[in-house]
Amino acid sequence: MNSLTSNNPIPLQALGLPEALRVLVLAPHPDDFDEIGVTLRFLWENGNPLFLAVVTSGASGVEDTSCSPPTVGAKARLREQEQRASCQFLGLPGAHLAFLRLEEDESGHPVQDQASIDRLRRHLLTRRPSVVLLPHGHDTNLGHQRVYAMFR
């Protein structure tokens, strides 16, 4: 018998996730969905309402040679275009993707302040997810740590 407390991997199909389970993926950066792409596809095909929220622009992850002019704004637009294309490939409606555009520090990590927490809270209240998928709090990436802390 499979259990969430098992030390062994559990196939997603064995969990019997109900279709009504609303799932929100909270990604600190645009590329953070990549790690769970197969899980997202499973949830989408399972009929679960699936919503994606990108917290920051991810502009710091774009090389200058990738866009012209290589400004923060141009890089942010490129990352959003990439994310929209990725969601379209998955089959996810554009209305299920949100760019929260929280303020970023000089390294491109989300600023952890009350304004960011309030913006995040408003988004969660709007989507009303049953489950939120996000990086864990002990991740080595500072942006991931901050998003986890603000979510808690």
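To convert a position in the sequence shown, counted from 1, into the working numbering, add 12. For each residue, glycine too, the CB sits at the ideal point set by N, CA and C. From a predicted model like this one, the values you see are computed outputs, not experimental measurements.
Starting from residue i, trace the beta strand (DSSP E) both ways and give me its first and last residue.
i	result
PHE45	Premise fails: PHE45 is in no beta strand (DSSP E) and is neither H nor E.
From residue i to residue j, what does the alpha carbon distance come to, in whole angstroms?
i	j	result
GLN95	MET162	23 Å
THR51	LEU62	11 Å
GLU92	ASP46	14 Å
HIS108	LEU102	12 Å
TRP56	ALA32	12 Å
SER80	LEU112	24 Å
GLN100	THR152	30 Å
GLY73	ASN58	32 Å
When the Cα of residue i is compared with those of the options, which residue comes out closest?
i	options	result
GLU115	SER18, HIS41, PRO21	HIS41
VAL66	ALA39, GLN157, VAL143	ALA39
In the DSSP output, which residue or residues are listed as bridge partners for residue i?
i	result
LEU118	Reading off the sequence shown, one finds Glu at residue 118, where the question assumed Leu. According to DSSP, which records beta bridges pairwise, GLU118 is partnered with nothing at all.
LEU145	VAL37
What residue range does the alpha helix (DSSP H) around residue i cover?
i	result
ALA39	Looking at the DSSP string, ALA39 is not in any alpha helix (DSSP H); the run it does join, the beta strand (DSSP E), is 35 to 39.
SER128	126 to 139
ALA161	154 to 163
LEU27	24 to 27
Hey, does residue i have any beta-carbon neighbour from chain D nearer than 8 Å?
i	result
LEU38	Of the protein chains in the structure, only one exists, and it is not chain D.
What runs of the alpha helix (DSSP H), each 4 residues or longer, lie entirely inside the segment 47 to 113? 49 to 57, 84 to 102
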